[in-house]
Structure formats: C-alpha cells, structure tokens
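Data first, discussion second: the structure below is written as structure tokens.
There are 2 protein chains.
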Amino acid sequence: MARTDTLKLGTFVYTFGFNPAAWRHPDADVQGANKIDHLLNVAKISEAAKFDFMFLADSPAAAIGDADALARSPTKMNRFEPLSLISALSVLTEKLGFVATASTSYYEPYNIARLFASIDHLSGGRACWNVVTSDHDETGYNYGFEGLPPHAERYERGSEFVDVVFGLWDSFEPDALVLDKAKGLYHDKDKLHTLNHKGKHFQVRGPLNIAASPQGRPVIAQAGGSEAGMELAARTAEIVFSLASNLERNKAFADNIKSRMAKYGRSTNDLKLMPGLVVNVGETKAEAQAKVDFLIDNLHPDVGRWMLGEFLEADLSGVALDQPFPLERLPTEPKGSKAMFEWLRDFIMEGHTVGELIRFYAEKSTGNGITGTPTEIADFMEEWFQAGAADGFILMLPTLPASLNDFVKLVLPELRRRGLFREEYEGKTLRENLGLSMPVNRYAAARNGGIAKET
Amino acid sequence: MARTDTLKLGTFVYTFGFNPAAWRHPDADVQGANKIDHLLNVAKISEAAKFDFMFLADSPAAAIGDADALARSPTKMNRFEPLSLISALSVLTEKLGFVATASTSYYEPYNIARLFASIDHLSGGRACWNVVTSDHDETGYNYGFEGLPPHAERYERGSEFVDVVFGLWDSFEPDALVLDKAKGLYHDKDKLHTLNHKGKHFQVRGPLNIAASPQGRPVIAQAGGSEAGMELAARTAEIVFSLASNLERNKAFADNIKSRMAKYGRSTNDLKLMPGLVVNVGETKAEAQAKVDFLIDNLHPDVGRWMLGEFLEADLSGVALDQPFPLERLPTEPKGSKAMFEWLRDFIMEGHTVGELIRFYAEKSTGNGITGTPTEIADFMEEWFQAGAADGFILMLPTLPASLNDFVKLVLPELRRRGLFREEYEGKTLRENLGLSMPVNRYAAARNGGIAKET
Chain A
1 MARTDTLKLG TFVYTFGFNP AAWRHPDADV QGANKIDHLL NVAKISEAAK FDFMFLADSP
61 AAAIGDADAL ARSPTKMNRF EPLSLISALS VLTEKLGFVA TASTSYYEPY NIARLFASID
121 HLSGGRACWN VVTSDHDETG YNYGFEGLPP HAERYERGSE FVDVVFGLWD SFEPDALVLD
181 KAKGLYHDKD KLHTLNHKGK HFQVRGPLNI AASPQGRPVI AQAGGSEAGM ELAARTAEIV
241 FSLASNLERN KAFADNIKSR MAKYGRSTND LKLMPGLVVN VGETKAEAQA KVDFLIDNLH
301 PDVGRWMLGE FLEADLSGVA LDQPFPLERL PTEPKGSKAM FEWLRDFIME GHTVGELIRF
361 YAEKSTGNGI TGTPTEIADF MEEWFQAGAA DGFILMLPTL PASLNDFVKL VLPELRRRGL
421 FREEYEGKTL RENLGLSMPV NRYAAARNGG IAKET
Chain B
1 MARTDTLKLG TFVYTFGFNP AAWRHPDADV QGANKIDHLL NVAKISEAAK FDFMFLADSP
61 AAAIGDADAL ARSPTKMNRF EPLSLISALS VLTEKLGFVA TASTSYYEPY NIARLFASID
121 HLSGGRACWN VVTSDHDETG YNYGFEGLPP HAERYERGSE FVDVVFGLWD SFEPDALVLD
181 KAKGLYHDKD KLHTLNHKGK HFQVRGPLNI AASPQGRPVI AQAGGSEAGM ELAARTAEIV
241 FSLASNLERN KAFADNIKSR MAKYGRSTND LKLMPGLVVN VGETKAEAQA KVDFLIDNLH
301 PDVGRWMLGE FLEADLSGVA LDQPFPLERL PTEPKGSKAM FEWLRDFIME GHTVGELIRF
361 YAEKSTGNGI TGTPTEIADF MEEWFQAGAA DGFILMLPTL PASLNDFVKL VLPELRRRGL
421 FREEYEGKTL RENLGLSMPV NRYAAARNGG IAKET
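Below you can see the structure in the form of structure tokens.
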C-alpha cells in the first residue's frame with residue numbers, strides 16, 4: 001500500500017556545495033564562506049521550495065594535511081560557525097528549519113542547551129541540533145586532546161550530554177510563565193525545576209535560564225551508524241541522516257533503528273530517516289553527466305590525490321598522475337566504506353593510472369549519487385520512499401546554488417505531480433512540518449499523574 | 001583644554017531594563033525575554049540614535065535563592081543566550097555594534113574564537129566580546145564545579161584563554177584569501193598559520209577554520225576592577241566598563257588602567273573607559289523623580305528583601321517590613337561595595353524599618369545614578385568626560401524601551417548641541433566608530449620585517 005505521508009527534504013550545506021570543486025563553478029559566490037548573502041540565498045531558495053530545513057554540516061577544525069591541496073579546497077578551511085549562522089539566517093526567513101551541527105565532545109551541555117533553546121525562540125520554533133561526537137584527530141588537537149578521543153568514550157559522554165541537555169530544556173514547564181504585571185508575578189515557582197544531574201562526565205545543577213522553547217525542545221538530528229550511535233538515535237533522534245549506499249542497506253538500517261524505538265516508549269513516526277543524496281539533474285542524461293564532468297574536470301589533481309589519500313589513509317603526495325597506482329601503498333583492509341574500497345581495488349587491478357583512479361573516486365565518492373533526468377531522479381526517490389528505505393532526503397547538492405536551482409526547477413515539479421511533496425508548509429515550526437509529536441515535559445507529565453516519558 | 005573627541009555611548013541590556021521592576025512598566029513587552037521584537041526595537045532605537053553599541057550582560061545560570069522573590073524578578077531567570085541573540089540582531093541592523101558577554105571559565109577558547117569571528121563576519125564588523133571570568137557560585141554549579149572557581153585561578157585561566165583566542169584570530173592573514181577560480185587557488189598556504197599553543201590551561205593546535213574578520217579581530221570589552229582584571233584590561237581591552245561610584249574614583253581608575261598600557265605597546269586611545277550610568281530623566285526634576293518612584297513602588301517587597309539579602313549576604317526571609325532591621329543579621333564587614341555598606345549601616349542606625357531600608361537600598365543600588373533634567377544629565381556627562389573620568393557611558397536604563405526613549409528624546413539633543421555626540425556614524429565597523437586602531441596580524445607583521453605587536 002502506498003504511503004500517505006510525503007517526502008521530507010533538506011538542503012545539505014558545505015558552503016559552496018558538496019563537491020570539493022564547487023567553489024569554482026561560474027555561479028558560485030567566492031565570498032560565500034564569509035558573507036551571509038550566499039547562504040541566505042540558499043536558504044531563500046530552499047524556503048521558496050517549501051523544503052523542511054537547511055542542514056549545516058560542521059567540524060570544529062580546519063583540515064590538516066597537504067597544504068597545497070588544502071589551499072585549493074575551502075570546505076573545512078574557512079566557514080561560518082554554524083550556531084551563529086543559523087541564528088542569523090533564521091531571523092531572515094519565516095518557515096524554513098535550520099539544523100546546526102555541534103559536538104558533544106567539545107562543548108559543555110549547559111552552553112549547548114542555552115544556545116539551541118535561544119535559537120529556537122529567536123526562530124519561532126525552527127531549530128534543530130545535529131548531535132555529533134566528532135571525527136578526525138584534527139578536532140581533538142583544538143581542545144586539549146592528543147587526537148580524537150576513543151569511540152566508546154565519545155559515545156558514553158555524548159549519551160550523558162544529551163540527557164543533561166534534555167533535562168535542562170525541561171527546566172521551565174511550558175506554561176510556567178505567568179507574566180502578570182499587576183500582581184508582579186513573572187513565573188510560577190512550582191513550574192521551574194532544578195535538574196541536579198550528577199553523572200560520570202557531568203555535574204550540572206540547573207535550572208536552564210530560558211523558558212521552554214516553541215518546539216517543546218529543538219528537534220534532534222543524528223547520523224551515527226555504529227551500535228552506540230544507533231542506540232542513541234533510537235532513544236533521542238528525530239531526523240537520522242544515513243550514509244548507506246543502496247536501497248537495501250538503507251531499508252535494513254531504517255528497520256534496525258526503528259525497531260529499537262519501542263523500548264524507549266517512542267513511536268516510529270517520530271524518527272525520519274533521511275539518506276544523504278547527491279543529485280545531478282539535467283533535462284537529458286547527457287546534460288546531467290556534463291554537469292558532473294565539469295566539476296570533476298575542475299577538481300585539481302592535488303585535491304583529488306589528497307582526498308583519495310584521506311580515504312585510503314595512505315600518503316599519495318608525489319605520486320605521478322600518469323602512472324599506475326603504487327600497489328605497495330594500498331592498505332589490505334578498508335578504513336572507511338568497504339564498498340568504496342572494493343570498487344577502488346578492482347579499478348586499480350585493472351591497471352588504470354592514478355589520474356584515472358582519482359577521477360573514478362571523485363565520481364564514486366558522491367555517496368548515494370544519482371545523475372539523470374527529472375523522471376529518473378523522481379523514480380529513484382519514490383522507490384526508496386515507498387520501500388521504507390527513506391522518509392525523505394538530505395540533498396547533497398554538488399554546487400550551490402546551481403544544483404539546488406536545478407533540483408527545484410526540474411525535479412520538484414515532478415515530485416509534486418506525483419503527490420510526493422508539499423505545495424505549502426503544513427505548520428509554523430520545523431517539528432510541525434516534519435510531522436513529529438511535541439515532547440512531553442517530564443515535570444508536567446508527573447504533575448498530571450502520568451509518567452514522564454523516558455528520554 | 002577641551003577634548004576634541006566625542007562621547008561613546010552604549011545601551012546596557014538586561015531584557016526589560018536595569019531596574020528589577022522594569023518588566024512591570026506599562027511600556028514593557030512582557031514577552032521580551034523570548035521574542036526578538038522587544039530587543040530588536042531597543043537595537044533599532046539605539047541605532048537611530050547613532051549609539052556605538054548595545055551591551056548584552058550575561059550570566060550562564062539562573063539565580064538561586066528565595067523562590068518567591070525570583071518568581072517576581074525575571075532578569076537572570078529567563079533570557080536569550082547572548083551570542084545567538086547578537087548574531088540575529090546584527091543582521092537586522094546596519095551600523096550598531098553588539099557586545100556579548102561570554103565567560104572564560106565555562107567555555108573552550110576554540111569555540112569562542114569561532115563564534116565571535118563568525119559573528120564579526122555576519123555583522124560586517126560589529127561584534128565585541130565582553131570577556132568575563134564569571135561570578136556567583138550558581139554559575140559554577142552548571143559546569144561541574146563546587147561553586148565559583150577561585151579568583152586567581154579564574155584570572156589565570158582567563159588571561160591564557162584570551163591569548164589563545166587572539167592567536168586563533170590571527171590564523172589567516174587579512175589578505176590570505178586568493179579566490180582565484182581559474183587557477184583553482186582559494187587561499188595562500190603561506191598566509192595560513194598553525195598556533196600550536198601549549199599552556200597551563202589549554203593546548204590548542206589551530207588554525208581557526210574561518211578567515212580574518214572585518215575588524216581584524218572583534219573588539220574586546222572588559223569590566224574587571226581587581227589587580228588581575230586591570231592588568232588584563234590594560235593588555236587586551238578596548239572598552240572598559242567601570243562600576244566606580246563617583247568622578248574621582250573613575251578618574252583614578254582610568255588613569256591607573258591607561259598608565260599600564262604602554263608596557264604592552266598600546267596607545268591610551270585604544271582603550272575607552274565607559275562607566276555604567278543609570279539615567280532617570282524628565283523635563284523637570286520632579287518628573288524624573290516620579291519615574292524612579294514608580295519603579296521603586298513596583299519593586300515587590302520579596303524582591304527588595306532578596307536583593308538586600310544578596311548584597312549583605314544575609315538571610316532576610318521572614319523579616320517583617322514594618323520592623324527595624326534585626327541588627328544581629330548585619331555583617332561586621334562589607335562583602336560588596338564599602339560605600340554602599342556604610343550608607344546602609346548609617347541608615348539602619350537611624351532606626352528605619354526594613355521596608356524603608358529596602359527602598360533606600362533600591363534607590364542607592366542604581367550605581368552611578370543620576371536623576372534630573374536633560375541639562376543636569378548633560379552637565380554630569382560632560383564633566384566626567386572633560387575630566388577624563390569617562391570616554392563615554394554605558395547607559396543602564398532603568399526600563400526598556402521607555403528610559404531609552406526618554407534619553408534619546410531629552411538628553412541626546414542637548415549632548416549634540418554641545419558637540420559632545422555624533423550626528424552620523426563615522427565608519428562602518430564598531431572599531432571605526434569607537435576610533436580604535438586596527439589590530440596588526442602577528443604573522444603579517446613578522447613577514448613585513450616588523451615585530452608582531454604584543455598582545
């Protein structure tokens with residue numbers, strides 16, 4: 001039976017687009033990493049298209065590595081800090097949601113709780129926190145660590161961190177403010193609560209010094225695919241950004257995460273699985289392919305070699321582009337995606353040059369990529385959606401705003417024609433538009449004789 | 001000889017105004033702590049008046065104490081987080097500067113460096129960081145401490161924190177971005193620098209992942225009056241917010257701080273001493289006094305008793321308003337201001353009731369207060385300015401927007417008539433309007449054969 005809900009859509013943001021050569025596109029605003037106009041434009045296009053949100057990826061570090069390659073690849077080197085950015089963008093828009101990434105490994109929970117609650121108020125209920133525990137050693141070096149803290153430690157801290165933040169967000173019950181000037185009574189003292197959290201990683205008294213926010217609490221996004229990550233997502237996440245590379249794997253991942261929700265008292269409707277999807281669209285397949293080729297042609301060999309080296313965790317500097325790949329530098333085990341590693345190994349074994357391999361990797365590394373006509377892309381999205389492999393997509397557009405404009409112009413009308421995407425926003429808040437339920441304040445629940453929902 | 005420069009002015013912001021009863025004023029927007037309209041209005045009035053900045057005071061904690069009193073006194077209980085707030089306000093204004101308070105005791109330097117650099121870009125060069133080490137045990141409880149960390153420890157950490165942030169802000173030299181699409185070169189690798197800070201409190205590698213900001217670096221404000229605070233201000237601050245209660249003390253404080261600047265290679269022009277000034281203005285003295293009386297009459301006895309108890313560090317709950325002050329609860333030594341303590345003790349000894357004492361304290365506790373006609377207030381400001389006790393004032397307006405509107409309507413024309421305040425903004429950035437010099441990037445200075453300016 002066909003689904004009765006509709007697709008959720010978000011715009012994934014690296015400043016210039018997902019492709020490392022995106023900033024060289026003729027339509028790219030090269031000042032976009034430091035002047036708001038470019039990303040405001042992306043937000044306005046997304047909002048006019050009635051997208052659910054704009055998703056600000058982040059890492060609290062510049063990349064470390066081949067200085068020549070990095071000087072040609074701005075994504076991680078120069079970008080806005082995402083919380084300040086979404087705060088600014090949210091007051092210049094009306095309906096679009098904003099997802100900002102912030103790390104539980106390098107922040108204090110009281111600061112995160114305040115920042116997101118404040119932005120939820122400023123935006124009138126359009127804030128979402130993408131909870132990450134960070135990756136890459138380069139982040140740890142900026143916060144007093146000798147590299148990235150171990151995975152188990154990051155997730156243990158992250159899980160407690162989210163608990164503290166949720167607890168702080170419940171400090172004021174939703175109806176705690178009295179605001180009675182005549183009586184001089186501002187809030188009801190019985191509806192303001194002290195958390196008194198004492199855990200392994202954090203001791204936080206509270207209460208949070210800001211009233212309950214318009215969404216009850218900001219929406220929670222997450223991406224972790226590990227066992228600990230899936231458990232945290234099942235317990236707390238409302239948007240899950242997946243990276244699996246085919247329908248079957250995403251379907252299995254969706255089923256796996258959603259099957260874990262019941263034990264936390266959650267409905268599967270309250271978690272939207274949204275795979276990242278790289279879209280290259282053209283009126284014809286050839287036109288779409290030409291857009292891919294343009295970006296790959298503009299990927300400087302230094303950048304391609306560095307990206308490939310990062311993936312393989314092998315030093316490829318100095319390797320000649322017109323020679324076969326030096327087999328002794330190929331690791332025996334994949335460090336990242338197994339599928340990608342096997343593709344690369346097979347390609348290498350066919351005797352291609354390093355230059356050809358870079359090009360092959362650049363095309364493949366677009367993740368869940370699809371290049372084609374509007375019909376082909378709508379078919380792809382519809383198939384994933386109906387199969388339960390996706391509740392929507394986070395569009396990893398190769399270049400901004402060009403690829404976003406293409407999607408809105410070419411694919412969106414086809415999705416709407418099929419009844420798969422909204423004509424107008426259903427609600428005022430991000431939570432309403434995503435069709436998520438309103439969280440229950442734990443103290444209000446206890447007061448009303450019920451049991452506070454486990455978080 | 002009369003000064004040739006002009007006054008700098010800022011609007012001090014507790015949400016509803018400096019007076020704890022401000023939210024009960026008829027013009028107060030009771031939703032102002034959670035909806036942007038009110039503070040945007042305050043910003044727009046300040047900008048139309050050509051003020052230099054809006055100053056967001058902050059504490060990362062709700063107040064702890066008498067729940068009945070706190071339920072009547074919203075200032076610390078419910079407020080926007082200041083960094084998200086100024087980010088939003090800055091993109092809705094064009095010329096006004098924004099000062100946000102953030103604590104070196106409870107943040108990570110990499111996060112603060114990113115947030116303020118990002119806001120400096122978003123605002124086009126109108127961001128200022130008010131560096132504080134925090135006060136009150138209540139803040140420590142939210143960050144894993146058993147109360148407020150000791151003063152010496154806070155300042156040692158704070159001083160190193162500022163060094164790290166300054167270092168990170170220099171990561172990209174001002175002309176590091178090449179932005180050459182054709183060559184595929186985004187930045188000049190030789191103009192991006194790794195900090196590699198290894199200190200007692202912090203180890204931070206860097207570089208910061210955002211380009212040099214429009215002001216070279218955000219402006220720095222500070223308020224510390226201790227020896228360590230004055231030394232940090234002389235070394236790093238560009239706005240100093242003083243709290244001394246008379247002209248002579250402010251003059252001595254200004255001279256003291258400014259005399260310490262030479263050893264850091266700084267000109268005294270690069271530090272603006274701006275005392276906080278509580279202004280109650282009316283067309284007549286009686287009208288001005290009536291405004292004070294209105295607020296004091298609206299100060300609920302619970303709030304007054306709690307404030308007085310906080311100052312004396314004495315528990316006054318349950319003390320009857322119509323009885324004399326219980327002398328056994330009066331401490332022998334002042335914990336806060338000595339002058340205030342002596343005023344209170346003399347008043348108590350005269351046999352006044354607790355109710356009268358609260359009223360007396362509420363009037364006196366307005367700090368550098370002046371209540372009077374536009375001429376009297378302009379005389380006061382001019383005298384302080386010409387004596388070198390102030391380079392300008394941070395206006396602690398009792399209620400917002402009413403007292404701000406009064407000041408703009410009544411006092412500002414008189415200041416302008418005397419040539420003491422600008423008719424138009426001189427520059428585009430806060431730094432330009434304050435007449436501060438542009439900081440020199442340490443690496444650019446070294447490259448140019450000079451010696452990097454000590455910070």
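Quick mapping for you: the protein sequence lines, in order, are chains A and B.
For what it's worth, full-length UniProt numbering labels the leading residue of the first sequence as 1, then goes sequentially.
For what it's worth, full-length UniProt numbering labels the leading residue of the second sequence as 1, then goes sequentially.
Where is the CB? At the ideal position from N, CA and C, for every residue including glycine.
Legend: CB atoms of the region 20-54 of chain B lying less than 9 angstroms from CB atoms of chain A belong to residues Ala21, Trp23, Arg24, His25, Pro26, Ala28, Val30, Gln31, Ala33, Asn34, Lys35, Ile36 and Leu40. Here the alpha carbons of arginine 431 of chain B and histidine 193 of chain B stand approximately 24 angstroms from one another. Per the C-alpha coordinates, the member of A:Ala21, A:Gly199, A:Ala152 and A:Glu424 positioned closest to aspartate 163 of chain A is A:Gly199.
Rounded to whole angstroms, the Cβ separation of histidine 352 of chain B and arginine 72 of chain B is 23 angstroms, and the two are not in contact under 8 angstroms. For serine 59 of chain B, the closest of B:Asp270, B:Lys291 and B:Tyr107 by C-alpha to C-alpha distance is B:Tyr107. Proximity of methionine 274 of chain A to chain B, defined by a Cβ-Cβ separation below 8 angstroms, is not satisfied.
Within its own chain, the residues whose Cβ lies closer than 7 angstroms to the Cβ of glutamate 173 of chain A, once the five positions on either side in sequence are excluded, are Lys191, Ala212, Asn441, Tyr443 and Ala444, listed in chain order.
In the pairwise beta carbon analysis, the region 364-378 of chain B is classified as touching the region 410-422 of chain B: at least three pairs are separated by under 8 angstroms. Nearest CB-CB separation between proline 150 of chain A and chain B: not below the 8 angstroms threshold.
Relative to the Cα of isoleucine 394 of chain A, the nearest Cα in the group A:Phe53, A:Gly276 and A:Met261 belongs to A:Gly276.
Using a CB distance below 9 angstroms, the part of the region 59-84 of chain A facing chain B consists of Ser59, Pro60, Ala61, Ala62, Ala63, Ile64, Ala67, Asp68, Leu70, Ala71, Arg72, Ser73, Pro74, Lys76, Met77, Asn78, Arg79, Phe80, Glu81, Pro82, Leu83 and Ser84, ordered along the chain. Here alanine 221 of chain B has Phe55, Val99, Cys128, Trp129, Asn130, Val131, Ala237, Glu238, Ile239, Val240 and Phe241 as same chain residues with Cβ atoms under 8 angstroms from its own Cβ, once five neighbours each way along the sequence are excluded. At a cut-off of 8 angstroms, the C-beta of tyrosine 361 of chain A has no neighbouring C-beta in chain B.
Around the CB of aspartate 120 of chain B, 16 or more other CB atoms lie within 10 Å, so the residue is classed as buried.
Taking asparagine 78 of chain A as the centre and dropping the five residues before and after it, the same chain places the C-beta of Ala33 closer than 6 angstroms to its C-beta, in chain order. Bounds of the beta strand (DSSP E) holding phenylalanine 98 of chain A are 97-103. Neighbours of proline 207 of chain B in chain A, taken as residues whose beta carbon is under 7 angstroms from its own, are Ala62 in chain order. Annotated three-state conformation of phenylalanine 241 of chain A is strand, per DSSP.
Per DSSP, valine 13 of chain A lies in no alpha helix (DSSP H) segment; the continuous beta strand (DSSP E) that holds it begins and ends at 8-13. Within chain A, the C-beta atoms nearer than 7 angstroms to that of histidine 300 of chain B come from Gly184, in chain order.
Looking at the DSSP output, alanine 127 of chain A shares a beta bridge with A:Phe98. A distance below 8 angstroms between beta-carbons, with the five flanking residues on each side excluded, links leucine 420 of chain B to the following residues of its chain, in chain order: Thr6, Leu7, Ala378, Met381, Glu382 and Phe385.
Going by beta carbons, isoleucine 36 of chain B and alanine 88 of chain B fall inside the 8 angstroms limit. Every alpha helix (DSSP H) stretch that sits fully inside the region 213-268 of chain A and reaches 4 residues is listed by chain position as 227-236 and 247-259. For the region 211-223 of chain B, the set of positions with a beta-carbon nearer than 7 angstroms to some beta-carbon of chain A reads Ala211 in chain order. The Cβ neighbour count for glycine 265 of chain A, taken over all protein chains shown within 10 Å, is under 16; the residue is labelled exposed. CA-CA distance, alanine 62 of chain A to lysine 181 of chain A, rounds to 50 angstroms. In the structure shown, methionine 274 of chain A adopts extended strand secondary structure according to DSSP, grouped into three states.
Histidine 193 of chain A does not reach chain B, its nearest Cβ partner there being about 11 angstroms away, counting only Cβ pairs nearer than 9 angstroms.
Taking the Cα of leucine 185 of chain A as reference, the smallest distance to any Cα among B:Leu148, B:Asn298, B:Glu342 and B:Phe347 is reached at B:Asn298.
For leucine 308 of chain A, the closest of A:Tyr14, A:Met274, A:Pro20 and A:Gly10 by C-alpha to C-alpha distance is A:Pro20.
Using a CB distance below 7 angstroms, the part of the region 105-120 of chain B facing chain A consists of Tyr106, Tyr107, Glu108, Tyr110, Asn111, Arg114, Leu115, Ser118 and Ile119, ordered along the chain.
A straight line joining the alpha-carbon of methionine 396 of chain B with that of asparagine 209 of chain B spans about 37 angstroms.
By the Cβ-count criterion, serine 171 of chain A is buried, with 16 or more other Cβ atoms from all chains shown falling within 10 Å of its own Cβ.
Taking the Cα positions, leucine 115 of chain A is about 42 angstroms away from arginine 3 of chain B. In the structure shown, lysine 198 of chain A falls within a strand segment according to DSSP collapsed to helix, strand and coil.
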